[in-house]
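Below is one structure, written out as structure tokens; the observations come after it.
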Amino acid sequence: DTEVTQTPKHLVMGMTNKKSLKCEQHMGHRAMYWYKQKAKKPPELMFVYSYEKLSINESVPSRFSPECPNSSLLNLHLHALQPEDSALYLCASSRGDSSYEQYFGPGTRLTVT
Amino acid sequence: QKEVEQNSGPLSVPEGAIASLNCTYSDRGSQSFFWYRQYSGKSPELIMFIYSNGDKEDGRFTAQLNKASQYVSLLIRDSQPSDSATYLCAVNEDTGGFKTIFGAGTRLFVKA
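Going line by line, the protein sequences match chains A and B. Residue numbers for the first sequence follow the numbering used here, so the first one is 1 and each next one is one higher. Residue numbers for the second sequence follow the numbering used here, so the first one is 114 and each next one is one higher.
So this is what it looks like as structure tokens:
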């Protein structure tokens with residue numbers, strides 16, 4: 001089973017709203033990732049958690065706040081976003097040892113109005 | 114600035130032909146190399162990974178890695194219209210391995 005799930009599938013939010021994106025995997029993977037993908041562009045790494053600890057933060061603005069409550073769950077809290085933050089937000093996971101193959105969830109399509 | 118370069122295409126091949134997709138990378142210390150397929154409006158799907166120099170085959174797909182030339186390729190044999198998608202080359206840095214840099218992707222069209 002290589003399934004990563006993400007909710008919601010679509011999200012429309014105003015610039016003053018607070019919302020959260022959720023990601024879950026039950027593959028026993030110990031590394032989880034958030035990516036942002038704009039149309040016709042490759043995914044851009046935002047955050048990496050390894051063994052529930054934040055391992056990489058790619059200088060992402062503080063209006064994006066990640067959280068890893070346990071080894072299966074990853075959240076991305078959103079607050080005071082800008083219209084240019086509209087994108088597909090992808091979650092991925094990998095085993096977390098010396099194997100780095102990442103498995104992606106279906107993504108959340110975010111529109112900021 | 115570490116980079117992963119791909120020809121954006123589109124690459125058009127007839128059904129049944131071999132599609133050859135190429136990728137170069139700038140970080141000589143890179144250790145892990147991946148090919149993802151992404152259909153329009155969908156998320157990337159891992160189709161091949163390769164860690165050692167040489168060829169790796171899986172069904173109709175063959176990944177080729179040449180670390181001396183900093184070059185990785187993907188061959189798709191007996192191409193099918195369902196293979197039409199964007200193919201993303203991805204490379205992991207040597208330190209820790211979690212940081213992945215994606216190429217811009219090559220759009221492949223397989224004509225029936």
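Glycine included, every Cβ here is placed at the ideal spot set by N, Cα and C. Computed from a predicted structure; not experimentally measured.
Within the same chain, Cβ atoms closer than 6 Å to the Cβ of A/Gln102 are found at Ala92 and Ser94, the five residues on either side in sequence being excluded. Between B/Leu201 and A/Pro106 the beta-carbon gap is near 16 Å, outside 8 Å, which marks them as no contact.
Distance between B/Val204 and B/Ser145, taken at the CA atoms: about 6 Å. The three-state reading of DSSP puts A/Glu67 in strand, counting E and B together. In summary, no residue of the stretch 16-30 of chain A has a CB separated from any CB of chain B by less than 9 Å. Between A/Phe104 and chain B, the shortest Cβ-Cβ separation is below 7 Å. By the C-beta criterion, the stretch 8-15 of chain A is judged to be in contact with the stretch 78-92 of chain A, since at least 3 inter-stretch pairs fall below 8 Å. DSSP places B/Glu158 in the strand class (E or B) of the three-state scheme. Spatial neighbours of B/Tyr138 in its own chain (CB-CB distance under 6 Å, excluding positions within 5 residues in sequence) are listed in chain order as Val117, Gln183 and Val204.
DSSP places B/Ser195 within a helical segment (H, G or I) once states are collapsed to three. The shortest C-alpha to C-alpha distance from B/Leu124 to any of B/Asn166, B/Ser156 and B/Ser192 is the one to B/Ser192. At a cut-off of 7 Å, the C-beta of A/Leu74 has no neighbouring C-beta in chain B. Any Cβ of chain A closer than 7 Å to the Cβ of B/Phe146 would place that residue at the interface, and such an atom is absent. Secondary structure at A/Asp85: helix, using DSSP grouped into helix, strand and coil.
Neighbours of B/Pro157 in chain A, taken as residues whose beta carbon is under 7 Å from its own, are Pro43 and Phe104 in chain order. Minimum Cα-Cα distance from A/His29 among the listed residues A/Ile56, A/Ser72, A/Pro66 and A/Ser65 corresponds to A/Ser72. In the three-state reduction of the DSSP assignment, A/His29 falls in the coil class. Residues of the stretch 172-196 of chain B with a C-beta less than 8 Å from any C-beta of chain A: none at all.
Straight-line measurement puts the Cα of B/Arg190 at about 10 Å from the Cα of B/Asp196. Around B/Leu159, the same chain offers Tyr149 as residues with beta carbons nearer than 6 Å, after the five sequence neighbours per side are excluded. A check of alpha carbon separations from A/Ser62 across A/Leu76, A/Lys40 and A/Glu52 identifies A/Leu76 as the nearest. It is roughly 13 Å from the alpha-carbon of B/Leu188 to the alpha-carbon of B/Gly129. Between the alpha carbons of A/His26 and A/Val4 lies a gap of roughly 8 Å. In the three-state reduction of the DSSP assignment, B/Pro127 falls in the strand class.
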